[in-house]
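Residue 465 in this note's numbering sits at position 59 of the sequence shown, with consecutive numbering throughout.
C-beta atoms are modelled at their ideal positions from N, C-alpha and C, and glycine is treated no differently.
Data first, discussion second: the structure below is written as structure tokens.
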Amino acid sequence: MTLKPFKWLVLGSLLATAGGQAQEQAPVPPTVVALPAMEWTPPPLEPFVATYQAFYKGKEAGDATMRVVRGEGTQWRVDMGVHGKRGFASVLGLNLEQSTVFNNEGNVYTPLSQSTVKKALFLGKKVTGTYNWQTGTAQWQGDLKKERQQPIPLQRGDQSALLLNLSLMRDAMPGKTLQYRFVDVGRVRQHEYRAADATENVQVGELSYDALRVYRTNGGNDEMIMWIANGVPTPVRILQRKDGQDEIDLRLIEYTGA
407 MTLKPFKWLV
417 LGSLLATAGG
427 QAQEQAPVPP
437 TVVALPAMEW
447 TPPPLEPFVA
457 TYQAFYKGKE
467 AGDATMRVVR
477 GEGTQWRVDM
487 GVHGKRGFAS
497 VLGLNLEQST
507 VFNNEGNVYT
517 PLSQSTVKKA
527 LFLGKKVTGT
537 YNWQTGTAQW
547 QGDLKKERQQ
557 PIPLQRGDQS
567 ALLLNLSLMR
577 DAMPGKTLQY
587 RFVDVGRVRQ
597 HEYRAADATE
607 NVQVGELSYD
617 ALRVYRTNGG
627 NDEMIMWIAN
637 GVPTPVRILQ
647 RKDGQDEIDL
657 RLIEYTGA
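In structure tokens:
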């Protein structure tokens, strides 16, 4: 079903004549009537499996799968796999698997462990990391430079790359500015995002969504944009752009409860 975003209805003013002579009356200030806006409800955290069509620089390149599963107690896991099957990605045999185990603490998702496995022609990379909240440090090991294997002091609210997607879905509201500390694969960065003031119509394949656009504001030439729709537990589209050009574009095909 296609949902239409709310619009503004503007009523203009009229010039009228009175009595036997045509006299110009003072213009009536325009009245702006706001039509009721659809209430925005952040998607709840729930198990799901989502399949995406993957594009690389505007051309179809393969597919991707995002999965969220519930563990014991407050523990959850989010996985993402990207598989190159066509064009340049197919020649390289590019495959990327990422996973983050985390605790759901209500107003914050706390990472516990993270892994990244990247496979391509003549290239392989595996990295694992642990967020040790008892010692207050995070540390990675594997195919990394030595300086990125050093312990990193943790702060409450720190996010991994995958966990950041779920946090944006939970926290985004129309017009809201969001800030996160990104701690992943031995790096620390500040990420700032902004949600659009209103939802917009987003066409993904044969489906149309009334979705909220959320975009990074301090990424420089590296842009990240995602669209979130009411009632959908996963982003309907994730777009990474570099130097003003589309690079990786994931478009939701289907999703089911896990």
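- Counting C-beta pairs with one atom in each stretch, the stretch 444-455 and the stretch 470-478 have three or more that are closer than 8 Å, which means they touch.
- Annotation for Asp590: the continuous beta strand (DSSP E) segment containing it runs Thr583 to Asp590.
- When Cβ pairs closer than 8 Å are counted between the two stretches, the stretch 533-550 is seen not to touch the stretch 478-486, the count staying below three.
- Taking 3 residues as the shortest admissible run, the stretch 538-580 contains the following complete beta strand (DSSP E) segments, listed from N- to C-terminal end: 543-548.
- In this structure, the beta-carbon distance from Pro448 to Gly637 does not fall below 8 Å.
- By the Cβ neighbour-count rule, Thr623 is exposed, with fewer than 16 other Cβ atoms within 10 Å of its own.
- Between Ile659 and Gln504, the C-beta gap is not smaller than 8 Å, which leaves the two residues out of contact.
- Counted as a single uninterrupted DSSP element, the beta strand (DSSP E) harbouring Leu656 occupies residues Gln651 to Thr662.
- Going by DSSP, Glu452 is part of no beta strand (DSSP E) at all; its letter is neither H nor E.
- The three-state reading of DSSP puts Val642 in coil, since its state is none of H, G, I, E or B.
- Secondary-structure assignment with DSSP links Lys463 through no beta bridge to anything.
- In this structure, the beta-carbon distance from Leu568 to Gly542 does not fall below 8 Å.
- For Gly563, same chain residues with a beta-carbon under 6 Å away, outside a window of 5 residues either side, are Val514 in chain order.
- Residue state for Pro517 is assigned as strand, using DSSP reduced to three classes.
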